[in-house]
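Numbered per the numbering used here, the sequence shown spans residues 154 to 262.
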Amino acid sequence: MHIDLPEKRYYTIGELAKAFDVNASLIRFWDKEFDVLKPKKNAKGNRMFTPDDVKNLQLIYHLVKERGFTLEGAKVHLKESQKKTMDKFEIIRKLELIKTQLINIKNEL
């Protein structure tokens with residue numbers, strides 16, 4: 154899944170919910186469940202997610218929604234092999250982006 158977000162320092166939970174096409178409550182729930190997510194909170198208490206949080210959310214989304222992991226399975230997978238999982242995920246994400254670009258080029262021909 155390719156997430157199309159502008160490059161910013163912080164993202165609101167609403168922006169992320171729209172980009173991932175999920176409810177904000179799911180992102181709030183994942184924030185409570187997964188230790189790798191560490192959004193900052195502003196004076197009102199609203200969560201402000203960093204680009205690193207977005208990468209971790211993409212990884213969690215990939216494991217839970219696309220690969221069918223349970224929450225506990227995803228937590229264990231992240232803790233045991235976070236670096237290896239992140240590297241594989243980055244490769245998959247780049248390949249999906251290349252695929253999208255190639256399809257766009259093909260359609261333009």
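Yeah, the Cβ is synthetic: ideal placement off N, Cα and C, and Gly gets one too.
- request: Would you mind working out which of K252, W183, A177, E249 sits nearest I213, comparing C-alpha positions?
  value: W183
- prompt: What does DSSP give as the partner residues of T165 in its beta bridges?
  reply: M201
query: Is T165 closer than 9 Å to R220 when the C-beta atoms are compared?
result: no
task: For K218, name the three-state secondary structure that DSSP assigns.
output: helix
message: Tell me the rounded alpha-carbon separation between V207 and E261.
response: Cα atoms of V207 and E261: separation of roughly 31 Å, rounded to the nearest angstrom.
query: With a Cβ-Cβ cutoff of 9 Å, do T204 and K161 count as a contact?
result: According to the sequence displayed, residue 204 carries Pro and not Thr. Contact flag set, yes.
message: Can you tell me whether L255 is buried or exposed? The criterion is at least 16 other CB atoms within 10 Å of its CB, across all chains shown.
response: Exposed, since its Cβ has fewer than 16 Cβ neighbours within 10 Å.
query: For F242, which of A172, Q211, Y163 has the nearest alpha-carbon?
result: Q211
- request: Would you kindly check if the distance between the Cβ of E186 and the Cβ of K228 is under 9 Å?
  value: The answer is yes: Cβ separation under 9 Å.
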